[in-house]
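These notes are about the structure you will find just below.
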Amino acid sequence: MAQGTLYIVSAPSGAGKSSLIQALLKTQPLYDTQVSVSHTTRAPRPGEVHGEHYFFVNHDEFRAMIGRDAFLEHAEVFGNYYGTSRETIEQVLATGVNVFLDIDWQGAQQIRKKMPDSRSIFILPPSKDELDRRLRGRGQDSEEVIAKRMEQAVAEMSHYAEYDYLIVNDDFDAALSDLKTILRAERLRMSRQKQRHDALITKLLAD
148 MAQGTLYIVS
158 APSGAGKSSL
168 IQALLKTQPL
178 YDTQVSVSHT
188 TRAPRPGEVH
198 GEHYFFVNHD
208 EFRAMIGRDA
218 FLEHAEVFGN
228 YYGTSRETIE
238 QVLATGVNVF
248 LDIDWQGAQQ
258 IRKKMPDSRS
268 IFILPPSKDE
278 LDRRLRGRGQ
288 DSEEVIAKRM
298 EQAVAEMSHY
308 AEYDYLIVND
318 DFDAALSDLK
328 TILRAERLRM
338 SRQKQRHDAL
348 ITKLLAD
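Residues in the sequence shown are numbered from 148 upward in steps of one, following the numbering used here.
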């Protein structure tokens, strides 16, 4: 069985990253592609399910996992820890399932060092004006927060060239098509096709 691919996806807030991933999952069979589930020390919110939205652990458990080098990447955000388990990712990939990991550029750098076979995708908005419009369209942030998000967006976007693929999300359907094209191209990569069709190739080349 061919190994699944880990896809690292990064984008500034408002570029449409989460919407694109969710739309992709609706068109891809669940046995073929899924989203990474992170570990966290924060308390579950109403409706969140352990193992589906997050793996909820306490601070002692999380620190023990750090000590065992169990995370591909981890970070502290507002007093709570978040991390991506190496074992969890590797178990899913071993079944031939692709995993999408929604993460910032710093986490992406950590993961690329530990999993060089991963593929990375950066998503850009078509303009700063459009990014600002999308952030305001959410109707949930103050002017101060929007200004901060725009500042963070520029910092995030400055790392776009570190990624394998670049998608500009101007038209959502076109961007989704681009994302699907990346998956199809990676599926046809020689190393994966050799694994997938090993028996056929052996027969074709037999004397």
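Note that beta-carbon positions come from the ideal geometry of N, C-alpha and C, so glycine has one too.
Counting only beta-carbon separations shorter than 8 angstroms, does ASP354 have a partner in chain B? In the structure shown, chain B cannot be found, because there is only a single protein chain.
By how many angstroms is the C-alpha of ALA190 removed from the C-alpha of GLU220? Numbered from 1 along the sequence shown, position 73 holds the residue referred to as residue 220. Numbered from 1 along the sequence shown, position 43 holds the residue referred to as residue 190. Approximately 20 angstroms between the Cα atoms of the pair.
Whole angstroms is fine: what's the gap from PRO273's alpha carbon to ALA300's? Sequence index remark: in the sequence shown, residue 273 carries index 126 (1-based). Sequence index remark: in the sequence shown, residue 300 carries index 153 (1-based). Near 13 angstroms, if we compare the C-alpha coordinates of ALA300 and PRO273.
Starting from ARG331 and walking both ways along the alpha helix (DSSP H), at which residues does that stretch end? Here residue 331 refers to the residue found at position 184 when the sequence shown is read from its first residue. ARG331 -> alpha helix (DSSP H) spans 319-334.
With three or more C-beta pairs closer than 8 angstroms as the rule, is the region 151-170 touching the region 253-267? yes
Residue burial classification, LYS164 (beta-carbon count within 10 angstroms, cutoff 16): Start at 1 with the first residue of the sequence shown, and residue 164 comes out as number 17. It is buried - the Cβ of LYS164 has at least 16 other Cβ atoms within 10 Å.
Would you say the beta carbon of GLU195 is closer than 7 angstroms to some non-hydrogen atom of the ligand GDP? Although the ligand GDP was asked about, the structure shown includes no ligands whatsoever.
Where does GLU234 fall in DSSP's three states? Here residue 234 is taken as the residue at index 87 of the sequence shown, counted from 1. It is helical.
Taking contact to mean at least 3 C-beta pairs separated by less than 8 angstroms, is the region 210-218 in contact with the region 228-241? yes
Give me the residue from ASP264, ASP325, ASP179, ARG283 with the minimum Cα distance to LEU153. Here residue 153 is taken as the residue at index 6 of the sequence shown, counted from 1. Taking only the C-alpha atoms, the option nearest LEU153 is ASP264.
Do the region 166-177 and the region 311-330 touch if we need at least three Cβ pairs shorter than 8 angstroms? yes
Alpha carbon to alpha carbon, what distance is there between ASP279 and GLU291? For the purposes of this step, residue 291 is taken as the residue at position 144 of the sequence shown. For the purposes of this step, residue 279 is taken as the residue at position 132 of the sequence shown. If you take the alpha carbons of GLU291 and ASP279, they lie about 12 angstroms apart.
Start and end residues, alpha helix (DSSP H) containing THR360: The structure shown does not extend to residue 360, since the chain is modelled only from 148 through 354, so no value can be given for it.
Cα-Cα separation, LEU351 to ALA149: Position 204 of the sequence shown holds residue 351. Position 2 of the sequence shown holds residue 149. Spanning the two alpha carbons is a distance of roughly 19 angstroms.
Closest to LEU318 by CA distance: which of HIS200, VAL182, LEU271, SER305 is it? Your numbering for residue 318 matches position 171 in the sequence shown. Correcting the residue identity first, residue 318 is Asp in this sequence and not Leu. Among HIS200, VAL182, LEU271, SER305, the Cα nearest to that of ASP318 is on LEU271.
Nearest-angstrom Cα distance between SER305 and ASP354? To locate residue 305, count along the sequence shown from 1; it is residue 158. To locate residue 354, count along the sequence shown from 1; it is residue 207. About 54 angstroms.
As a quick exercise: from ILE236, ALA321, GLN175, pick the residue whose alpha carbon is nearest that of MET262. If you number the sequence shown from 1, residue 262 lands on position 115. Measuring from the Cα of MET262, the nearest candidate turns out to be ILE236.
Which one of SER267, HIS197, THR187 has the shortest CA to CA distance from LEU313? One-based indexing of the sequence shown puts residue 313 at position 166. Of the listed residues, the one whose Cα sits closest to LEU313 is SER267.
Residues that DSSP places opposite LEU153 in a beta bridge: Residue numbering aside, residue 153 sits at position 6 when the sequence shown is read from its first letter. Its beta-bridge partners are VAL246.
My assumption, with CB atoms under 8 angstroms, is that TYR310 sits in contact with PHE247. Please give the rounded CB distance. The residue labelled residue 310 in the question sits at position 163 within the sequence shown. The residue labelled residue 247 in the question sits at position 100 within the sequence shown. Incorrect: roughly 14 angstroms between the Cβ atoms, too far for contact.
Cα separation between THR188 and ARG334? Here the question's residue 188 lines up with position 41 in the sequence shown. Here the question's residue 334 lines up with position 187 in the sequence shown. For THR188 and ARG334, the distance between alpha carbons rounds to 35 angstroms.
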